[in-house]
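Q:
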Amino acid sequence: MKAYARFLLLSAAMFSLVACSDDDNSQPVPPDAEKGGVMYVLNSGDWKSNNSSLTRYDASTGESVQGYFEQQNGRGLGNTANDMIVYGSKMYIAVAGEGTIEVATLDAKSLKQIECGAQPRYLAAYGGKVYATYYDGYVARIDTNSLVVDAKVKVGRNPEQLAVCGNRLFVANSGGMDYNTEIGYDNTVSVVDLASFCEVDKIEVALNPANVVSTGDGVFVASYGNYADVPSALQYISKGGVQYVLPDACRQMTEICYNSGTLYGFLSQYDANWNATIKYISYNPSTGVVDVPWIKEEQKPVPYKVCAVGEYVCVTASDYMNDGDVHLYDTDGMLVSKFSAGLNPVKVVAVE
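Everything in the sequence shown is counted per this note's numbering, starting at 1 for the first residue and increasing by one.
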């Protein structure tokens, strides 16, 4: 059924935001130079160029090793890797162009390539399962012991990011492949009950939803619009399906992550002449404070992606032609470190 949600004012009195619980207690800690922490960066490479790669960054030495997956396995990741997560003692990498999910040890040694029969886009994990959006309109469930797909559920058109909140999975349905057709972009978020693994609701949101992050009490959803007369839009949906009004100053964030009770991200838009508008925006839902820019250094990177890594916020930078960089910030917006990555770095994760 479709839910036409009421829009209410978001305030601290209505709810407090906490991190979603996770049944796996072996989640990695953020890199620590004194402890020799390690980060991996997933680089998607050029579309259809078969050059996706993994960068290994050692915080204790400051050394970046490019092509680390190929170094460990004697082969590359393949074509157009999209997402990567660490769950328990394994890494999971969605390689859309290959139609596979690569499962590896925390030292990037391949354990298995799961054949999807579709393009896997994004990953989430909870309760001993990994969930993957397939671009043909499904979410697949992978058992982390057997490493096989044990179920699939139909969602919306061309699903992108997904996030677990409570006992439900929220999935952004972009409809991106219909952008130039009469049907056009999708504008829904599918809600999947994890116990039954069935779609139980479809919530209307702004056009072309793509990015979803969980707060524990609900999810933030960033929609891209149509890149013309329909602007990008940020929304908040409680786990009960109610949408809340957000402050105007943060409503056009396009890339988002959630860390330590605050939403971090940026607005990146281009006009018809490819002139960029970039704003680094953070929003604390419990206080209502919007900080622009949240990055405090004078020289700010031209952002590509943003993600939370432990207690840090990572911003990747790319010009789509040359190898990119990763900028690591604390939650106060102060630069902690910067290191080199590969072409088009899309995700950063940490392991011990």
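Every residue, glycine too, gets a C-beta built ideally from N, C-alpha and C.
1. Inspect the beta-carbon positions of LYS305 and VAL290 and report whether they are closer than 9 Å.
2. Leaving aside the five residues before and after ASN51 along the sequence, list all residues of the same chain whose C-beta is less than 6 Å from its C-beta, in chain order.
3. Three or more C-beta pairs under 8 Å: does that hold for the stretch 102-111 against the stretch 68-79?
4. Starting from the C-beta of TYR135, find all residues in its chain whose C-beta is less than 6 Å away, skip the five residues before and the five after it, and write them out in chain order.
5. Which residues in the same chain have their Cβ closer than 7 Å to the Cβ of ASP178, if we skip the five residues on either side of it in sequence?
6. Note down, in chain order, each residue of its chain lying with its Cβ closer than 8 Å to the Cβ of ALA195, except the 5 sequence neighbours on either side.
7. In three-state terms, what does DSSP make of TYR178?
8. CB-CB under 8 Å to LYS90, same chain, minus the five flanking residues each way: which ones, in chain order?
9. Should GLY137 be labelled buried (16 or more other beta-carbon atoms within 10 Å of its own) or exposed?
10. With contact counted as at least three CB pairs below 8 Å, one residue from each stretch, are the stretch 76-87 and the stretch 55-66 in contact?
11. With a Cβ-Cβ cutoff of 9 Å, do ALA151 and PHE197 count as a contact?
12. Under a three-way DSSP split, which group does TYR68 fall into?
13. Anyone know if the C-beta pair for GLN161 and VAL212 falls short of 9 Å?
14. Find the nearest neighbour of PRO247 within the set GLY240, TYR236, VAL149, judged by alpha-carbon distance.
15. Let's test the definition: count the other Cβ atoms within 10 Å of the Cβ of ARG56 and tell me whether it reaches 16, buried, or not, exposed.
16. Does the beta-carbon distance from GLY342 to ASN43 come in below 9 Å?
17. Where does GLN299 land, buried or exposed, given buried means 16+ other C-beta within 10 angstroms?
18. Can you confirm whether the stretch 325-340 touches the stretch 227-241 when touching is taken to mean that 3 or more C-beta pairs between the two stretches lie within less than 8 Å?
19. In angstroms with no decimal places, state the Cα-to-Cα distance between ASP330 and ASP217.
20. Grouping DSSP H, G and I as helix and E and B as strand, with all else coil, what is TYR258?
A: From the atom records:
1. no
2. Within the same chain, ASN51 has close Cβ partners GLY45.
3. yes
4. GLN119, ARG121, ASN158
5. Excluding sequence positions up to five before and after ASP178, its CB lies within less than 7 Å of the CB of ARG157, GLY184, TYR185, all in the same chain and listed in chain order.
6. Cβ-Cβ distances below 8 Å link ALA195 to ASN167 in the same chain, with the five nearest sequence neighbours on each side left out; the list follows chain order.
7. The amino acid occupying residue 178 in the given sequence is Asp; Tyr does not appear at that position. The DSSP-derived three-state label of ASP178 is helix.
8. VAL103, ALA104, THR105, LEU106, LEU111, THR144
9. buried
10. no
11. In contact: ALA151 and PHE197 (Cβ atoms closer than 9 Å).
12. In this structure, TYR68 counts as helix in the three-state DSSP scheme.
13. yes
14. Restricting attention to GLY240, TYR236, VAL149, the CA atom closest to the CA of PRO247 is found in TYR236.
15. buried
16. yes
17. exposed
18. Put simply, the stretch 227-241 does not touch the stretch 325-340. Fewer than three CB pairs are less than 8 Å apart.
19. 24 Å
20. strand
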